[in-house]
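Below: one structure, written as structure tokens.
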Amino acid sequence: MTEATTRGDGPTRVVRVGTHPTTVVAVTVVVLLAAVFAVGGKDSGLVTQSIVTGLLLGGVYALVSIGLTLIFGVLGVVNFAQGSMLTMSMYVVYALVAGPGIPVYVATLLAIPVMFLFGMMVQHFLLNRLTSTGSHEGPLLVTLGIQLLIANVLLMIFTGRPKSVGTPVDGSFEVFGAIASYSRIIAFVGAVLVGVALTLVLRRTSLGLSIRAVAANAQGAALVGVNVRRVYALTFGIGAASVAVAGGLMTPFTSLTPSVGEQFTILAFVIVVLGGLGSVLGATIGGLVIGLVQTVGALYLPGTGSLILVFAVFVMVLFLRPQGLYGAK
Amino acid sequence: MTDTTAPRPTTAHELPAADDPRLKDTWMRRQLVVLVVGVAVLSLLPLLLGEQAQSVAIRTLIFAIMAVGWNLMSGFGGMFSFGHAAFFGIGAYTGAYLLVDHGISPWISMVVAAVLSAAVGVAIAYMCLRYKLAGSYFALATFAFAQMFLLIVQNLDVLNKTEGFNVEILPSDSWSMLQFQQGSPLYFWIPLAILAVAVLISILYVRSRAGQYAQAVRDDEVAASSLGIDTMRARLIAVALSCGVTAVAGVYYTQYYFFVGPEQAFGSAVSVEAIIPAVIGGIGTIWGPVIGAAVVGPLSELVATVLRNPPGFLSFLQGTSGLDVAVYATLLIIIVIVMPKGIFGTIRDRWRS
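Those protein sequences? They're chains A and B, same order as listed. Okay, so the first sequence: first residue is 1 according to the working numbering, each after it adds one. Okay, so the second sequence: first residue is 1001 according to the working numbering, each after it adds one.
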């Protein structure tokens, strides 16, 4: 029953075109930021700095969220393990760097197929039977189990002590008087490139067409010859691979612990709800907005306080626009 | 269902009389008998267990109360909560705050916490269900709320931020303050009684009008509302009961451990501890959560014991942490895929057929 409501009127198309919400969001964000500048009572250099950091962070958030929204749009499954898959890819990169001494960004490239295969296997061996019966609690519980399993197996292998791979490209770059380290810029650019590439794949290739077809109507797609199970597995694989990219790009400036990715599950979920479940564009915009909220908010609420603002946005979305920015309703 | 067109037995003696014992619904009576016998048997446990084993048993009981609470809304109401830590935490913190800052008896806190938690739960559920956002969306929304409460508590001075509350240890036993000598069997009997009440609530609720409505809404919302059931009301009642029961577990937690901090109350691990026993035992059954807790509760202790002196082929695991959670995560995945009705649900179905 909920299956019908969430999949029927919600994310029928993975990629949505729409300029109206984008303008609204852009105007709102600009107005709010201008307000922070004008009456925020903070040093303007500090504000610029947090805006730049926020946008760079938001790019990576967007990538994690795209994976989540894609899996949701096609399979109707909220992947609770998204955050720990991020952790897992970071540790894959770490193992490749610390072991054979492969450079971080090459290791990231190697982590992509690993995570892609992992995602496909999860879908094929664990979720397929449950998704085809149409239950949504089953897959959610399985992904919860996977999340716990990944975090604790990593804990067993690497212990809880923080690990770091060090930054391969030192130095930083100045934009409008704000400092942005190269590794963060690379992460942002990489995330954007992968996001664009994914959008192109979804819009222009026959694989993308079949993914969109399955998202719109799995039964109909099967009738016209789409191998639905294969599309499911590939989608989960793509979702995992986009997380691998995000994880690899973040590794240089992240202190690795087995629970480092956990908060990303909920952040990505908030972003996806903000953007509209199943919408890739929404996830991208949502990622940037949440990145900004977190860093600019940190000016006023230091520590974990800025995350409260992120949840405040979430509650507001639930109240005012539960279908999200780009959700159809 | 009686079908008027079907041939009816014509003679009176072929019809079973209305008071025929075979037609009596003995379900409720059987559940109550099991409950009474179960409580009687379990109450002997503290006499057999050592202090260490008793603390494991008490933790298991707290798990079980949470799982029974979780099951009320998630199993019978069909609304999966991934954020029951929110309600457990409200209980734990209400108890701690009222006791430490105002010296109010935990027994009163249990009532206050249950009401408060039910109100918060209803508000959250109403917000989520208003636009028919159910299923996974609902689950993650509750999770988000639990995380939000965690962050808020960590940043609130009045709740001691990340330090939490320490309960003062009294010099002598006190019923009103729920404190007894360390290792006293009362520490076991009280949560056992709470669990018994929680199970009793489940039993009565399932057969009540409100419970039947909630199950009808869970199984087919459109059909239920077309029969005139107020679906929102039916669901919110389930949520209120569920959150209330879970909060009481929280109050007892603070009381038993003399301490509560944000992570112990609102951490995501707490939500998981409410879900896993219920899923493993059997979602939407009366006894599933209790059986599941009995399986999961002692598991981490068991794993810890094995790891202290591992057999040869497991020696590489010595000194690692995380195995206990990894084991029950694996168990969770296997149960969901292989026997989605859980241990109790599967056995019951076998028995019937």
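Backbone N, C-alpha and C define an ideal beta-carbon position, used for all residues, glycine too.
| Item | Value |
| --- | --- |
| Alpha helix (DSSP H) segments (min. 4 residues) lying fully within the region 268 to 319 of chain A | 280 to 298 |
| Cutoff 8 Å: residue 1210 of chain B Cβ touching any chain A Cβ | no |
| Extent of the continuous beta strand (DSSP E) to which residue 179 of chain A belongs | 178 to 181 |
| Proximity of residue 89 of chain A and residue 260 of chain A at Cβ, strictly below 8 Å | no |
| Under 8 Å (Cβ pairs) to chain A, residues found in the region 1110 to 1128 of chain B | 1127 and 1128 |
| Proximity test, Cβ basis, 8 Å: residue 1148 of chain B and chain A | yes |
| As assigned by DSSP and simplified to three states, the class of residue 1098 of chain B | helix |
| Residue from A/305, A/326 and A/298 with nearest C-alpha to residue 53 of chain A | A/298 |
| 8 Å Cβ cutoff, residue 977 of chain B in contact with chain A | Look at the range of chain B in this structure, 1001 to 1353, and you will see that residue 977 of chain B is not part of it. |
| Nearest-angstrom Cα separation, counted from residue 1085 of chain B out to residue 1269 of chain B | 8 Å |
| Any chain B beta carbon closer than 8 Å to residue 146 of chain A | yes |
| Through-space distance from residue 1137 of chain B to residue 194 of chain A, alpha-carbon basis | 26 Å |
| Beta carbon proximity, residue 161 of chain A to chain B, threshold 8 Å | no |
| For residue 163 of chain A: DSSP bridge partner residues | A/256 |
| Supposed contact pair residue 1117 of chain B and residue 1095 of chain B - C-beta distance, whole angstroms, cut 8 Å | So it is not a contact: roughly 11 Å between Cβ atoms. |
| Residues that residue 269 of chain A contacts on chain B, provided the C-beta gap is smaller than 8 Å | 1140, 1143 and 1144 |
| Classification of residue 39 of chain A by the beta-carbon crowding that lies within 10 angstroms, buried from 16 upward | exposed |
| Per-residue contacts from residue 1280 of chain B into chain A (C-beta, under 9 Å) | Within 9 Å Cβ-Cβ: nothing; residue 1280 of chain B doesn't reach chain A, min ~10 Å. |
| Any chain A beta carbon closer than 8 Å to residue 1366 of chain B | Residue 1366 of chain B lies beyond the stretch modelled for chain B, which goes from 1001 to 1353, so this question has no answer here. |
| Listed by chain order, chain B residues near residue 138 of chain A by CB distance under 7 Å | 1336 and 1340 |
| DSSP-derived helix/strand/coil call for residue 1353 of chain B | coil |
| Residue 1167 of chain B, DSSP secondary structure in three states | coil |
| DSSP three-state assignment for residue 1179 of chain B, whether helix, strand or coil | strand |
| Per-residue contacts from residue 250 of chain A into chain B (C-beta, under 8 Å) | What residue 250 of chain A touches in chain B: nothing, since even the nearest Cβ is about 20 Å away. |
| Residues bridged to residue 173 of chain A [DSSP beta-bridge criterion] | A/180 |
| Secondary structure of residue 1259 of chain B, DSSP reduced to three states | strand |
| 8 Å Cβ cut-off: residues of chain B touching residue 156 of chain A | 1317, 1320, 1321, 1322, 1323 and 1326 |
| With 16 other Cβ atoms within 10 Å as the buried cut-off, status of residue 1351 of chain B | exposed |
| Rounded straight-line distance, which links the Cα of residue 150 of chain A to that of residue 1146 of chain B | 22 Å |
| Residue 1159 of chain B - containing alpha helix (DSSP H), residue span | Segment: none, residue 1159 of chain B is in no alpha helix (DSSP H) and carries neither H nor E. |
| Collapsed DSSP secondary structure at residue 1174 of chain B in the structure displayed | strand |
| Alpha-carbon spacing of residue 1340 of chain B relative to residue 138 of chain A, whole angstroms | 8 Å |
| Minimum length 4: unbroken alpha helix (DSSP H) runs contained in the region 1184 to 1271 of chain B | 1186 to 1207, 1209 to 1219, 1221 to 1226, 1231 to 1257 and 1262 to 1266 |
| DSSP three-state assignment for residue 108 of chain A, whether helix, strand or coil | helix |
| Contact set between the region 1261 to 1277 of chain B and chain A, restricted to residues whose Cβ is under 8 Å from the partner | 1268, 1272 and 1275 |
| Distance, residue 1264 of chain B Cα to residue 1161 of chain B Cα | 13 Å |
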